[in-house]
Structure formats: C-alpha cells, structure tokens
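Colleague: Going by UniProt numbering, 21 is the number at position 21 of the sequence shown; the sequence numbering is gapless. Here a beta-carbon is modelled for each residue, glycine too, at the ideal position from N, C-alpha and C. What you are looking at is a predicted structure, and each value in this text was computed from that prediction instead of being measured.
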Amino acid sequence: MNSPNPPNSPESAVICSAKGCRAAAVWVLAWNNPKLHTPDRRKTWLACEEHREHLSQFLGMRGFLKDVVTLAEWEASAADR
Ligand SMILES: [Zn+2]
1 MNSPNPPNSP
11 ESAVICSAKG
21 CRAAAVWVLA
31 WNNPKLHTPD
41 RRKTWLACEE
51 HREHLSQFLG
61 MRGFLKDVVT
71 LAEWEASAAD
81 R
C-alpha cells in the first residue's frame, strides 16, 4: 500500500506533519517502524523549520528515524528512482 500523501505528489499541499501546524514543509523525515514495516520501507513525515527538531526527536527516541533531508533533496532523489 502506498503512502496516501507522498511529499512528491504534485497536487498535494506540502504542509508540515506536526499536529495543528499549517506551515510549509521544508524537511522530509524518513522513518521505519521495524514492528510494522519491512527494513527497506520508508514512511515520511514533513516538517517545517520549526518542527524538524521536535519530530525528529520523537522518531529518534523510538529508534525509527532513518534520514532527515530537505524537501528539495528528497524530491530530487525520488525523481531519480
Ligand atoms: Zn510545523
């Protein structure tokens, strides 16, 4: 099953994933929950400048966080695939 709102989807607004935040996302946090996902699976959260640290700490504490890249980098690497 695909993620319903991937950051590189052309029609979707690219908004921070933090609860209640409507700011434009600048960062992509790639994560994986080993209890739910195969090791090569990547879920993504979007974060504005303000929430990047909060969201990455949340994922990092659980050992889920794999990668934090700028949205531009993420889209460039996604276009490569
Ligand atoms: Zn935010």
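Buried or exposed for proline 10, please, with buried defined as at least 16 other CB atoms from any protein chain shown within 10 angstroms of its CB.
Modeller: Annotation note: pLDDT 49 at proline 10 (below 50); position unreliable, coordinate value reported separately. By the 10 Å Cβ count, proline 10 comes out exposed.
Colleague: Return helix, strand or coil for leucine 36, following the three-state DSSP convention.
Modeller: Three-state DSSP puts leucine 36 in coil, outside helix and strand.
Colleague: Restricting to Cα atoms, I'd like to know which of Lys66, Ser77, Glu75, Ala79 is closest to proline 39.
Modeller: It is Lys66 whose Cα lies nearest to the Cα of proline 39.
Colleague: For alanine 30 and histidine 37, what's the separation of their Cα atoms in angstroms?
Modeller: Cα to Cα, the separation comes out at about 13 Å.
Colleague: Less than 7 Å between the CB of alanine 53 and some heavy atom of ligand 1, yes or no?
Modeller: Reading off the sequence, residue 53 comes out as glutamate, not alanine. Not under cutoff, so the answer is no.
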